[in-house]
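**Q** Quick one: the structure is below, and I'll ask about it shortly.
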Amino acid sequence: MELTLSVIKADIGGYVGHSDSHPDCLQTAEDSLAKAKKDGLLIDYHVTKCGDDLQLIMTHQKGKGNEEIHRLSWDTFVCCTDVAKKLGLHGAGQDLLADAFSGNVKGMGPGVAEMDIEERPSEVIIIFMADKTSSGAWNMPLYKMFADPFNTIGLVIAENMHNGFAFEVHDVKESKKIILNTPDEIYDLLVYIGASSRYPVKAVYHRESGEIAAESSTQKLALIAGRYVGKDDPVCIVRSQGKFPAVGEVLEPFAVPILVEGWMRGSHYGPLMPVSMHDSTPTRFDGPPRVVAYGFQLASGKLIGPRDMFADISFDNARQKANNLADVMRYHGPFEPHRLPLEEMEYTTMPAVEKKLTDRFKPITD
Ligand code: F6R
Ligand code: MG
Ligand code: MG
Numbered sequence: 002m003e004l005t006l007s008v009i010k011a012d013i014g015g016y017v018g019h020s021d022s023h024p025d026c027l028q029t030a031e032d033s034l035a036k037a038k039k040d041g042l043l044i045d046y047h048v049t050k051c052g053d054d055l056q057l058i059m060t061h062q063k064g065k066g067n068e069e070i071h072r073l074s075w076d077t078f079v080c081c082t083d084v085a086k087k088l089g090l091h092g093a094g095q096d097l098l099a100d101a102f103s104g105n106v107k108g109m110g111p112g113v114a115e116m117d118i119e120e121r122p123s124e125v126i127i128i129f130m131a132d133k134t135s136s137g138a139w140n141m142p143l144y145k146m147f148a149d150p151f152n153t154i155g156l157v158i159a160e161n162m163h164n165g166f167a168f169e170v171h172d173v174k175e176s177k178k179i180i181l182n183t184p185d186e187i188y189d190l191l192v193y194i195g196a197s198s199r200y201p202v203k204a205v206y207h208r209e210s211g212e213i214a215a216e217s218s219t220q221k222l223a224l225i226a227g228r229y230v231g232k233d234d235p236v237c238i239v240r241s242q243g244k245f246p247a248v249g250e251v252l253e254p255f256a257v258p259i260l261v262e263g264w265m266r267g268s269h270y271g272p273l274m275p276v277s278m279h280d281s282t283p284t285r286f287d288g289p290p291r292v293v294a295y296g297f298q299l300a301s302g303k304l305i306g307p308r309d310m311f312a313d314i315s316f317d318n319a320r321q322k323a324n325n326l327a328d329v330m331r332y333h334g335p336f337e338p339h340r341l342p343l344e345e346m347e348y349t350t351m352p353a354v355e356k357k358l359t360d361r362f363k364p365i366t367d
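As numbered in this note's numbering, residues 2 to 367 make up the sequence shown, in order.
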């Protein structure tokens, strides 16, 4: 069965501050998508949240980038923003950067990850959702899942994965993309994706079959708005089992917390903590950044699930390490490497401070 899986998300208002989502907003989204399912636009849906981000997980047969699906998402976010405004929630409508819908939510603020698939008899899907971080946060996890045999033993011993995966890398500044094959081109690939804020991995493909294996949201709010308006808080869809990495291989990269950009005011490096949906409530210094993993089996487009994959004691150590790392990073206060390097600060307070002090800078003559 041909199917499209769309994950479209936006921060439409936080409760309290930027720490969580309000149940009334989730209910409003639920009602909106229930109607779309009843009307036949959606096969199925699941509404959830990660921190202050509202997540719409939808299956349908309209294809990627479909106007009706994107309009549904936009209208849902607008309705939820109205509820957020009535409740006086913080930053209501924060990610809706355009005044009116214009065909596709890409470039309008919301984050989008979509894939067209031929549903397998057992279609295992893991959807990663992050809060308080930016769109390159998936680069290292995706590299580990699909190109690192120390993470994914299937690359070595499973015949159907042995030919490797192809990575589609985007240059978000120049709006260009390139496909690099692994394992042959891993050194070239790492030159780019190691600089994750500029070169996010947009998609991964199974080389032999060409099938889509993973798709992430790469929208950068700061580039769209030209100023800091909150972090991207990206999502990523990963297909699992069979010719794709097993569930345990997909989750394994998160067993050790990595440092990602985001956290307080989107201006700091901090550890990415794998948590259950209930623990996606970034409170300490507005963080540390969180990642939730929802697992589904698809059955003729029906979303069987979710299973809250990080609600497992085997990720307790990762959480503890993340808390320890958070202590170390916080100790640096306003200094790098906790605070982002200058280039990354260009969309925060830096330009205003620079403008104010321009005349006070004098040439060094002695
Ligand atoms: C980070 C984030 C928060 C806010 C901070 C200030 O992505 O959302 O850390 O940047 O709480 O928020 P405002 O400017 O809304 O008061
Ligand atoms: Mg927010
Ligand atoms: Mg958020």
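Using N, Cα and C, we set each Cβ at its ideal position, and we do this for glycine too.
Treat the numbers as computed from the prediction; the structure is a model and nothing was measured.
For residue 166, collect the residues of the same chain with a Cβ closer than 7 Å to its Cβ; drop the 5 residues on either side in sequence, then sort them by chain order.
**A** Closer than 7 Å at the Cβ level, and outside the excluded window around residue 166, lie 147, 148, 183, 205, 206, 207, 208, 214.
**Q** Hey, residue 138 and residue 263: beta-carbon distance below 9 Å or not?
**A** A contact, by the Cβ cut-off of 9 Å.
**Q** So, at 8 Å on beta carbons, what are the nonlocal neighbours of residue 310 in its own chain, with the 5 sequence-adjacent residues on each side left out?
**A** Excluding residues within five positions, the ones whose Cβ falls inside 8 Å are 127, 248, 252, 294, 295, 296.
**Q** With H, G and I counted as helix, E and B as strand and the rest as coil, what does DSSP make of residue 240?
**A** Residue 240 falls in the strand class under three-state DSSP.
**Q** In its own chain, which residues sit with a C-beta less than 6 Å from the C-beta of residue 156, not counting the 5 before and 5 after it?
**A** Counting only Cβ-Cβ distances below 6 Å, and skipping sequence neighbours, we find 150, 162.
**Q** Cβ of residue 185 within 9 Å of Cβ of residue 178?
**A** No, the Cβ-Cβ distance between residue 185 and residue 178 is not below 9 Å.
**Q** Using only the heavy atoms of ligand 1, determine whether one of them is closer than 8 Å to the beta carbon of residue 53.
**A** Yes, the beta carbon of residue 53 sits closer than 8 Å to at least one heavy atom of ligand 1.
**Q** Flag this pair as touching only if the segment 84-97 and the segment 319-330 have three or more C-beta atom pairs under 8 Å; answer yes or no.
**A** The segment 84-97, when compared against the segment 319-330, does not touch it at the 8 Å Cβ threshold.
**Q** Using the three-state DSSP reduction, which class does residue 40 fall into: helix, strand or coil?
**A** Reduced to three states, the DSSP call for residue 40 is coil.
**Q** Considering only their Cβ atoms, is the gap separating residue 41 from residue 117 smaller than 9 Å?
**A** No, the Cβ-Cβ distance between residue 117 and residue 41 is not below 9 Å.
**Q** For residue 59, which of helix, strand or coil comes out of DSSP?
**A** Here residue 59 sits in strand by DSSP.
**Q** Once DSSP output is grouped into helix, strand and coil, what is the label at residue 351?
**A** In the structure shown, residue 351 sits in a helix (DSSP, three-state: H, G or I).
**Q** Using the rule of at least 16 other Cβ atoms within 10 Å of the residue's Cβ for burial, across every protein chain shown, is residue 60 buried or exposed?
**A** When all chains shown are included, residue 60 counts as buried.
**Q** Considering only the alpha carbon of each residue, which of 219, 235, 238, 244 lies closest to residue 160?
**A** The option with the nearest alpha carbon to residue 160 is 244.
**Q** Taking the C-alpha atoms as reference points, what is the distance between residue 241 and residue 360?
**A** The alpha-carbon atoms of residue 241 and residue 360 are separated by roughly 57 Å.
**Q** I'd like the list of long-range same chain contacts for residue 69, defined as Cβ closer than 7 Å, with 5 residues on each side in sequence excluded.
**A** Around residue 69: 42, 63.
**Q** Helix, strand or coil, according to DSSP, for residue 360 in the structure here?
**A** The answer is helix: DSSP assigns residue 360 an H, G or I state.
**Q** Would you report the Cα separation of residue 193 and residue 333, rounded to the nearest angstrom?
**A** Rounded to whole angstroms, residue 193 to residue 333 spans 28 Å at the Cα level.
**Q** Any heavy atom of ligand 2 within a distance shorter than 8 Å of the CB on residue 269?
**A** Every heavy atom of ligand 2 is 8 Å or more from the Cβ of residue 269, so no.
**Q** With which residues is residue 295 paired in a DSSP beta bridge?
**A** Residue 295 is bridged to 128, 309.
**Q** Would you grab the beta carbon distance between residue 259 and residue 6 for me? Rounded to a whole angstrom, and I think it's under 8 Å.
**A** Residue 259 to residue 6, Cβ: 26 Å. No contact.
**Q** For residue 357, which residues of its own chain have a beta-carbon under 7 Å away from its beta-carbon, when the five flanking residues on both sides are left out?
**A** Same-chain partners within the cutoff: there are none.
**Q** Measuring alpha carbon to alpha carbon, tell me which of 216, 110, 318 ends up nearest residue 230.
**A** Answer by Cα proximity: 110.
**Q** Just to confirm, are residue 380 and residue 78 a CB contact at a threshold of 9 Å?
**A** Any answer about residue 380 is impossible in this case: the structure gives the chain only from 2 up to 367.
**Q** Relative to the alpha-carbon of residue 1, which residue among 16, 363, 51, 71 has its alpha-carbon at the smallest distance?
**A** Within the shown structure, residues of the chain are numbered from 2 to 367, placing residue 1 beyond reach of any answer.
**Q** Closest Cβ-Cβ distance between residue 42 and chain C: below 9 Å?
**A** In the displayed structure, chain C is absent; only one protein chain is listed.
**Q** Should residue 265 be counted as a contact of ligand 1 given a C-beta to heavy atom distance under 8 Å?
**A** Checking the Cβ of residue 265 against ligand 1 gives yes.
**Q** Under 9 Å between the Cβ atoms of residue 136 and residue 235?
**A** Yes, Cβ-Cβ distance for residue 136 and residue 235 is below 9 Å.
**Q** Can you tell me whether residue 23 is buried or exposed, with buried defined as 16 or more other CB within 10 angstroms of its CB?
**A** Looking at its Cβ environment, which holds 16 or more other Cβ atoms inside 10 Å, residue 23 is buried.
**Q** Suppose you measure from the CA of residue 48 to the CA of residue 93; what does that come to, to the nearest Å?
**A** One C-alpha to the other measures close to 18 Å.
**Q** Where residue 328 and residue 285 are concerned, what is the direct C-alpha to C-alpha distance, given to the nearest angstrom?
**A** Their backbone Cα atoms lie some 10 Å apart in a straight line.
**Q** Under the three-state reduction of DSSP, which class applies to residue 109: helix, strand or coil?
**A** It is coil, neither helix nor strand.
**Q** Could you pull out every residue in the same chain whose Cβ sits closer than 6 Å to the Cβ of residue 316, ignoring the five residues on either side in sequence?
**A** Excluding residues within five positions, the ones whose Cβ falls inside 6 Å are 275.
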